[in-house]
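> Before I ask anything, let me first share the structure, which is written out below as structure tokens.
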Amino acid sequence: MYDVTRMMKRTLSDYQSSMKRHFEFYNSNDDIKAVKKKPYRNVSTEDWTILCEYFVTPEFQVIYMYIYFYNNLFHYLNIY
Numbered sequence: 001m002y003d004v005t006r007m008m009k010r011t012l013s014d015y016q017s018s019m020k021r022h023f024e025f026y027n028s029n030d031d032i033k034a035v036k037k038k039p040y041r042n043v044s045t046e047d048w049t050i051l052c053e054y055f056v057t058p059e060f061q062v063i064y065m066y067i068y069f070y071n072n073l074f075h076y077l078n079i080y
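In terms of the UniProt record's numbering, the sequence shown opens at residue 1 and continues consecutively.
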């Protein structure tokens, strides 16, 4: 059961990271209106708008940097 839970967490994490990368790709000029017009696959326009607004909040930036740092640390130390 532990392996299934771990796999599901990893899948969710990968999906969230893909959405963030999609957002960053289209937000290259800091034009959030343009990004909102290009939702990520299988995400409704309303949900994508909420996510875009969340991605630019300072709270999310802190969380994202924390996760990014620890994922890279674990990868470097081969803890995964």
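Ideal Cβ positions, reconstructed from N, Cα and C, are used throughout, including at glycine.
Excluding the 5 residues preceding and the 5 following isoleucine 32 in the sequence, name in chain order all residues of the same chain whose CB lies nearer than 7 Å to its CB.
Cβ neighbours of isoleucine 32 beyond the five flanking positions: Cys52, Val56.
> Quick check on the DSSP output: the alpha helix (DSSP H) that includes serine 28 runs from which residue to which?
From DSSP, serine 28 is part of no alpha helix (DSSP H); its letter is neither H nor E.
> Rounded to the nearest angstrom, how far is the Cβ of lysine 38 from that of tyrosine 26, given a contact under 8 Å?
About 5 Å; that satisfies the 8 Å criterion.
> Comparing alpha-carbon positions, which option in Ile63, Tyr66, Val43 lies nearest methionine 19?
Residue Val43 is the option with its Cα nearest to methionine 19.
> For tyrosine 40, collect the residues of the same chain with a Cβ closer than 7 Å to its Cβ; drop the 5 residues on either side in sequence, then sort them by chain order.
Only Met19, His22, Trp48 meet the Cβ criterion.
> Could you name the residues of the same chain whose beta carbon sits closer than 7 Å to that of valine 35, not counting the 5 residues immediately before and after it, in chain order?
The answer, listed in chain order, is Phe23, Tyr26, Asn27, Cys52.
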